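First comes the structure, then the notes that go with it.
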Amino acid sequence: MAADAVAAAMAASSLGSDLEPATVRTAIRDVLAAGTARAGERVVVGGWVRTGREQGKGTFAFLELSDGSCASTLQVIVDAAAYPLPKGKVKLTLEKLRDVVHLRSRTNTIGAVARIRHQLAFATHRFFHENAFLYVHTPIITTSDCEGAGEMFQVTTLFSQAEKTEKELKENPAPSESEIEAAKVIVKEKGDAVAQLKAAKASKQDISAAVDVLNRAKEHVSKLEERSKLKPGIPRGDDGSIAFENDFFKRQAFLTVSGQLQVETYACALSSVYTFGPTFRAENSHTSRHLAEFWMVEPEIAFANLQDDMNCAEKYIQYLCKWLLDHCREDMEFMVKNYDKSAIERLELVSSTPFVRISYTKAVELLKNVTDKKFDNKVEWGIDLASEHERYLTEDIFKKPVIVYNYPKGIKAFYMRLNDDDKTVAAMDVLVPKVGELVGGSQREERLDVLKQRILDAGLPLEPYEWYLDLRRFGSVKHSGFGLGFERMILFATGMENIRDVIPFPRYPGRADL
């Protein structure tokens, strides 16, 4: 009985009886969804007052309460004296809100974008799960440049090491040669003392004590010699280049621009995989379409050719559009009302319409024959199609999504499979209204000799890609994949104009707050 009593006491204490009771709160979304079914019930809600107005000559007030669970607010009646309302309203632009972090996420627009973003992320994982893909976490720190453009953020501790060394040298200057020589003289003296004790057949205890003194003297010399090598500034090699072998990773390292190369290693073992995470580009661009940090969805499929790749991309995009129509209608209606009247129509079009598929050569031919519009960028075979070209194809010529394939090899990455014409690669871009390119993908180059030459032609060293080449040396198979810019998908869905307004904490040149 005593043991039972102790167990009961322990169980009671584990319930946290000395803590504040757990919160019982009902989401505003659930209150509104219940309609009149819960009339007369007492419910506890939590939220922030969006707006309010006094009535009854200031005796009571109507408050619009939001907890972010949905676009709608819950109207509550309160004592005006207990909840004094500020006079007047201040309207902040989306650009200004980027500087007011505590208010930004509480606005109707950013709240709607956050819910849409969540649903798109959830639908992404669901789509790939339903199609037997495995989710692989690829590294953010990498030693290889996937795109070969060189616009990468470097990861290094050399600067902090240099600052630490300079501070240390000021407080404790490096030893001089005379100090080191003096310490070596002491080592010799201690060594001679040990030799004399051994020759005199001294006790083991005396010899051991002398050896300990000698070892400490040697250790002191070693430390002095090591400190003498300390130099202020970034460490450099004999040729003047930065000595990255002294860096944290013992070599150059960067923030990833894509998880594609790494996820290919799993595709070549597990068949169908995808990665979904942040990527980084040190591109000094201030346009409304560029971020320094953004998210990419990158599936990779073994035993798949370019046709399979296009089929997967089309199916995935249509799934996302249909998901928003079915699960985010209220927020999409808000976008239609406030930002883009055609947002829902665009989702309906893309979700239900087969995508047009044309070659790059055919696309250039169509654009060169355009007479009703003058492009800012000249159209000719070999150019990387600009956004104005992409949007004209999808918005004006075909009025539906378009997949352009077989691009010139000179404008695409080294890992894309070289076609038999030796001029084009098996690449594809999915173009959609509003944003132009939404997806970029390709069949990967599985031939070892061709891939090595493509890396060299791109002006890249082979050594950082040896692990990637090993995929071709050992069990190479045909495989394909693509990348979808997640923020671009949100731009396409919502009709928002600036990509900085569809990511929670935008990073761009001159801005990396929090």
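Counting the sequence shown from 1 gives a position; my numbering is that position plus 15.
Even glycine gets a Cβ: it sits at the ideal position worked out from N, Cα and C.
Predicted model only: the values in this text are computed from it and were never measured.
Counterpart residues of F497 in DSSP-defined beta bridges: Looking at the DSSP assignment, F497 forms a beta bridge with G456.
Beta-carbon proximity list for G248, same chain, < 7 Å, skipping 5 on both sides: A177
Which listed residue (A232, A215, A297) has its alpha carbon closest to that of E196: A232
Identity of the residues DSSP links to R526 by a beta bridge: Y523
CB contact flag (I43, V64, <8 Å): no
Counted within 10 angstroms of its Cβ, other Cβ atoms place H301 as buried (16 or more) or exposed: exposed
Exposure label - E502; buried when at least 16 CB within 10 Å: buried
Q558 (DSSP reduced to helix, strand or coil): The requested residue 558 does not occur in the structure, where the chain is confined to residues 16 to 529.
The beta strand (DSSP E) enclosing V170, as first and last residue numbers: Segment: none, V170 is in no beta strand (DSSP E) and carries neither H nor E.
For L530, the first and last residue of its enclosing alpha helix (DSSP H): Past the boundaries of the shown model lies residue 530; the chain is included only from 16 to 529, so the question cannot be answered.
Close beta carbons around F77, own chain, < 7 Å, minus the five adjacent residues each side: Cβ within range, chain order: G67, R68, Q70, Q90, I92.
Assigned exposure category for F148 - 16 Cβ within 10 Å defines buried: Result: buried.
8 Å CB neighbourhood of L135 in its chain, flanking five on each side removed: L335, W338, L339, F501, M504, I505, A508
Buried versus exposed, by CB contacts within 10 Å (16 or more), Q220: exposed
Status (buried if at least 16 other CB within 10 Å, exposed otherwise) for N421: Taking all protein chains shown into account, N421 has 16 or more neighbouring C-beta atoms within 10 Å of its C-beta and is therefore buried.
Alpha-carbon to alpha-carbon, P423 and S243: Rounded to the nearest angstrom, the two C-alpha atoms are 56 Å apart.
Through-space distance from P250 to D160, alpha-carbon basis: 24 Å
Cα-Cα separation, D435 to L466: 14 Å
Pair within 8 Å by beta-carbon distance, V445 and P416: yes
Distance CB(V278)-CB(E315) smaller than 8 Å: yes
For Y422: DSSP bridge partner residues: V440
Whole-number beta carbon distance between L109 and N513, since they are thought to touch under 8 Å: The Cβ separation is near 7 Å, so the contact holds.
At least three beta-carbon pairs within less than 8 Å, the stretch 404-414 to the stretch 446-453: yes
S87 beta carbon less than 8 Å from that of L47: yes
Environment of V312 [buried if 16+ CB atoms lie within 10 Å]: buried
For G50, three-class secondary structure by DSSP: helix
F291 to F309 span [Cα, whole Å]: 11 Å
CB of E481 within 8 Å of CB of A297, strictly: no
For E460 and C85, believed in contact at Cβ under 8 Å, the rounded distance: Actually they do not touch by this definition, with Cβ atoms about 48 Å apart.
Identity of the residues DSSP links to P566 by a beta bridge: Look at the range of the chain in this structure, 16 to 529, and you will see that residue 566 is not part of it.
Alpha-carbon to alpha-carbon, G103 and A473: Each residue's CA atom was taken as its position, placing A473 and G103 some 60 Å apart.
First through last residue of the beta strand (DSSP E) which encompasses E79: 75-81
Where I398 falls: helix, strand or coil (DSSP): coil
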